[in-house]
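**Q** Numbering (my numbering), first residue to last: 2 to 228. Even for Gly, the Cβ is constructed at its ideal location relative to N, Cα and C. I have a structure here, written as structure tokens, and I will follow up with some questions on it.
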Ligand code: 6GU
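Take a look at the structure:
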């Protein structure tokens with residue numbers, strides 16, 4: 002998979018991609034992440050990338066020219082499956098969308114800032130608009146990091162069996178069950194007996210039941226529509 006990210010703050014994304022799972026995916030050659038600074042594309046002599054909105058509303062809008070030139074250049078080099086704009090008014094991201102996007106070859110992500118980008122860029126280039134939740138971030142960068150992390154960990158070979166992505170919360174529509182590790186008793190607190198029993202069928206039943214209990218209690222919305 003190849004992910005290109007257009008941003009005015011590439012520095013915000015260096016850290017998240019230099020550690021852990023995304024770094025591992027990059028090091029293994031299973032994903033390429035390329036950061037592109039929108040400011041490198043401006044033709045403005047003061048390197049300005051934003052402007053005041055028509056209509057007189059407060060705030061600033063990322064200007065057409067730098068982003069348009071960047072998109073045209075990147076599109077001429079790579080055939081994108083989706084051009085994704087990260088924005089709080091986009092479709093709320095969930096595991097189903099992450100799963101389907103993880104099958105893509107090339108993605109372009111555009112990070113909004115200030116009041117966003119000119120609507121004409123959204124109309125003519127963006128194929129998918131994603132929000133990572135119902136709250137407002139200062140820009141799309143952290144959302145792009147979230148989406149990238151969620152995608153990269155699903156690419157076959159990036160994470161090992163010991164972290165199997167198939168047992169994650171949400172992957173079967175339920176939250177994950179509680180987990181425990183050694184010692185079996187710590188400070189007087191005991192691990193549930195069944196987990197020490199060695200009876201794999203019983204353990205699986207217990208885990209399914211705990212996952213269901215936890216989901217009913219914390220996220221009953223996930224169970225709506227399930228039988
Ligand atoms: Cl994608 N961008 C911004 N600025 N805020 C958000 C978001 C994205 N998703 C949730 N809040």
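Look up residue 190 in the DSSP assignment and give the residues it is bridged to.
**A** As a working mapping, residue 190 is identified with position 189 in the chain shown. BP columns for residue 190 point to 187.
**Q** Helix, strand or coil for residue 21 per DSSP?
**A** Start at 1 with the first residue of the chain shown, and residue 21 comes out as number 20. If DSSP states are grouped into helix, strand and coil, residue 21 belongs with the helices.
**Q** For residue 222 and residue 106, I'd like the C-alpha separation in whole angstroms.
**A** For the purposes of this step, residue 222 is taken as residue 221 along the chain shown, with counting starting at 1. For the purposes of this step, residue 106 is taken as residue 105 along the chain shown, with counting starting at 1. Cα to Cα, residue 222 sits roughly 32 angstroms from residue 106.
**Q** Quickly, what does DSSP pair residue 105 with across the bridge? List them, please.
**A** In the chain shown, counting from the first residue as 1, residue 105 sits at position 104. Its beta-bridge partners do not exist; DSSP assigns none.
**Q** Only counting the same chain, and skipping five residues up and downstream in sequence, which positions put a Cβ closer than 8 angstroms to that of residue 113?
**A** For the purposes of this step, residue 113 is taken as the residue at position 112 of the chain shown. Answer for residue 113: 63, 86, 87, 88, 140 and 141, listed in chain order.
**Q** Out of 192, 130 and 115, which has the shortest C-alpha to C-alpha gap to residue 183?
**A** Taking the first residue of the chain shown as 1, we reach residue 183 at position 182. With distances taken between Cα atoms, residue 183 lies closest to 192.
**Q** According to DSSP, is residue 114 part of a helix, a strand, or is it coil?
**A** Locating residue 114 in the chain shown gives position 113, counting from the first residue. Here residue 114 sits in strand by DSSP.
**Q** Mapping the DSSP letters down to three states, classify residue 216 as helix, strand or coil.
**A** Residue 216 sits at position 215 when you count from the first residue of the chain shown. Correct three-state label for residue 216: helix.
**Q** Should residue 193 be listed as close to the ligand 6GU, given that the test is whether its C-beta is under 7 angstroms from any heavy atom?
**A** One-based indexing of the chain shown puts residue 193 at position 192. No, the beta carbon of residue 193 sits no closer than 7 angstroms to any heavy atom of the ligand 6GU.
**Q** For the alpha helix (DSSP H) that contains residue 34, what are its first and last residues?
**A** The count along the chain shown starts at 1 and reaches residue 34 at position 33. Unbroken run through residue 34 is the beta strand (DSSP E), 33–38; no alpha helix (DSSP H).
**Q** Is any non-hydrogen atom of the ligand 6GU found closer than 7 angstroms to the C-beta of residue 170, if you look at the structure I gave you?
**A** Your numbering for residue 170 matches position 169 in the chain shown. Result no, Cβ not under 7 angstroms from the ligand 6GU.
**Q** Between which two residues does the beta strand (DSSP E) holding residue 132 run?
**A** Residue numbering aside, residue 132 sits at position 131 when the chain shown is read from its first letter. Taken as a continuous stretch (DSSP letters only), the beta strand (DSSP E) holding residue 132 covers 129–132.
**Q** Is the separation between the beta-carbon of residue 14 and that of residue 6 shorter than 8 angstroms?
**A** Residue mapping note: residue 14 aligns to position 13 of the chain shown, counting from 1. Residue mapping note: residue 6 aligns to position 5 of the chain shown, counting from 1. For residue 14 and residue 6, yes; Cβs fall inside 8 angstroms.
**Q** So residue 131 and residue 92 are in contact, right, with Cβ under 8 angstroms, and what is the actual spacing, rounded?
**A** Counting from one through the chain shown, the residue named residue 131 turns up at place 130. Counting from one through the chain shown, the residue named residue 92 turns up at place 91. Going by Cβ atoms, the distance from residue 131 to residue 92 rounds to 6 angstroms, so yes, they are a contact pair.
**Q** Figure out for me which residue from 211, 33, 9 and 162 has the closest Cα to the Cα of residue 231.
**A** With the chain represented from 2 up to 228, any question about residue 231 goes unanswered, as that position is not in the structure.
**Q** Could you tell me whether the stretch 27–38 touches the stretch 149–156, using the rule of 3 or more Cβ pairs below 8 angstroms?
**A** Result yes; three or more Cβ-Cβ pairs closer than 8 angstroms.
**Q** Looking at the unbroken beta strand (DSSP E) that takes in residue 89, where does it start and where does it end?
**A** Counting from one through the chain shown, the residue named residue 89 turns up at place 88. Unbroken beta strand (DSSP E) run through residue 89: 83–93.
**Q** Just the C-alpha distance for residue 65 and residue 41, rounded to the nearest angstrom, thanks.
**A** Stepping through the chain shown from its first residue, residue 65 is reached at position 64. Stepping through the chain shown from its first residue, residue 41 is reached at position 40. Those two C-alpha atoms are separated by around 14 angstroms.
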